[in-house]
Amino acid sequence: MPKKYTAQCACGAVKFEFNTDPTFIADCNCLDCRKASGGAMATWFAVPEDDFTLISGKPKSFHYIADSGNGLDRNFCPDCGARLFSSNLQGFPGMVFVTIGSLDNPGGIGPKLEMFTKRRLKWMKALDVPQFPAMPS
Ligand SMILES: [Zn+2]
Ligand SMILES: [Zn+2]
């Protein structure tokens, strides 16, 4: 039986799932989220690593150092290039950050905070959620 939440890349080669109802859900305006997603910002949320199950495909990972100085791996589908999740998060051990666009049914999940608002594009309006100029501490 599949877990509560199922997710996949744009071409369907990479699939993963988890049961945890996300609580840390962020609209992130950091430079990496912008560049890596190709959009104005990215919405992603935290899932415990031990609940995160890769069920098909082999995501490729790219290691980098975030604005915070912490290292992490950004994982994407090597076939279609879709950004999927971040792992090996030095700043958040034991968690995986999943991009909302990966979800098969993202409807029930919305941002609880906005971060790196110092990098938000001028034409974007702030949501009615807590605002953080950089990473919340
Ligand atoms: Zn793909
Ligand atoms: Zn970001």
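When the letters of the sequence shown are read in order and numbered with our numbering, they come out as residues 318 to 454.
Note that beta-carbon positions come from the ideal geometry of N, C-alpha and C, so glycine has one too.
Helix, strand or coil: how does DSSP classify residue i here?
i, result
"ALA327", "coil"
"ASP337", "Here the sequence assigns Thr to residue 337, which means Asp is not the residue at that position. DSSP places THR337 in coil when its eight states are reduced to three."
"ARG437", "coil"
"GLY386", "coil"
Name, in chain order, the residues that DSSP records as bridge partners for residue i.
i, result
"GLU366", "Beta-bridge pairing links GLU366 to no other residue."
"ALA343", "TRP361, LEU430"
"LYS332", "GLN325, SER373"
Is it buried or exposed for residue i, if we count other Cβ within 10 angstroms and need 16 for buried?
i, result
"LEU438", "exposed"
"ASN387", "exposed"
"MET318", "exposed"
"SER454", "exposed"
"PHE362", "buried"
"PRO410", "exposed"
"PHE433", "buried"
Anyone know if the C-beta pair for residue i and residue j falls short of 8 Å?
i, j, result
"CYS394", "GLY374", "yes"
Query raised in the report: If you pair each beta-carbon of the stretch 400-414 with each one of the stretch 425-443, do three or more pairs fall below 8 Å?
Result: no
Query raised in the report: Below 8 Å, can you find three or more Cβ-Cβ pairs linking the stretch 344-360 to the stretch 324-334?
Result: The answer is no - the stretch 324-334 does not touch the stretch 344-360, with fewer than three Cβ pairs under 8 Å.
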